[in-house]
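Q:
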Amino acid sequence: MKKSAAPRDKYFLRSVHQEIDLYDRKLADLRKYGVFESAEDRQQAENSILTKRASLEKTARELSAAGVEFDQNDLPRSFREQADSESLRRAS
């Protein structure tokens, strides 16, 4: 018996947004409180988090482009900041 693929609906998109927000917080914590042996170690840890976050961001953007509905309040803070700055540029 084959397993069916996970449903890609608004609830899945909300969970992806929550994971992106989690990685944003982890990255902020790492940058503010992380103690490392060298700058190279710090960069490697940041790249690890950014790589994981990038794949989630790609999935979220693909789902929203495919028309999966979402609530603006469910967006990660980093997405809201981008949307706010884009709307300000359009208004200018």
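Numbering (numbering that gives the first Met the number 0), first residue to last: 0 to 91.
Glycine included, each C-beta is placed from N, C-alpha and C at the ideal position.
Note that this is a predicted model, so its numbers are computed, not measured.
At a cut of 8 Å, does the stretch 7-21 reach the stretch 60-67 through at least three beta carbon pairs?
A: Yes: the two stretches touch, three or more of their Cβ pairs being nearer than 8 Å.
Q: Check for me: the alpha helix (DSSP H) holding Asp20 runs from which residue to which?
A: Counting from 1 along the sequence shown, the entry for residue 20 is found at position 21. 9-32 is the span of the alpha helix (DSSP H), which, as asked, contains Asp20.
Q: Just to confirm my understanding: we take Glu56, look at its own chain, exclude 5 residues before and 5 after, and list those with CB closer than 8 Å. What are they?
A: Translated into positions along the sequence shown, residue 56 becomes position 57. These residues qualify, in order along the chain: Ile19.
Q: Short check: CB of Pro133 to CB of Asp23, under 8 Å?
A: The question about residue 133 has no answer here: the residues shown for the chain are numbered 0 through 91.
Q: Considering only the alpha carbon of each residue, which of Ala44, Leu21, Glu68 lies closest to Phe11?
A: Here the question's residue 11 lines up with position 12 in the sequence shown. Closest by alpha carbon: Glu68.
Q: Just checking my contact of Ile48 with Lys31 at CB under 8 Å: how many whole Å lie between their CB atoms?
A: Taking the first residue of the sequence shown as position 1, residue 48 is located at position 49. Taking the first residue of the sequence shown as position 1, residue 31 is located at position 32. The pair is not a contact, with the Cβ atoms about 13 Å apart (cut-off 8 Å).
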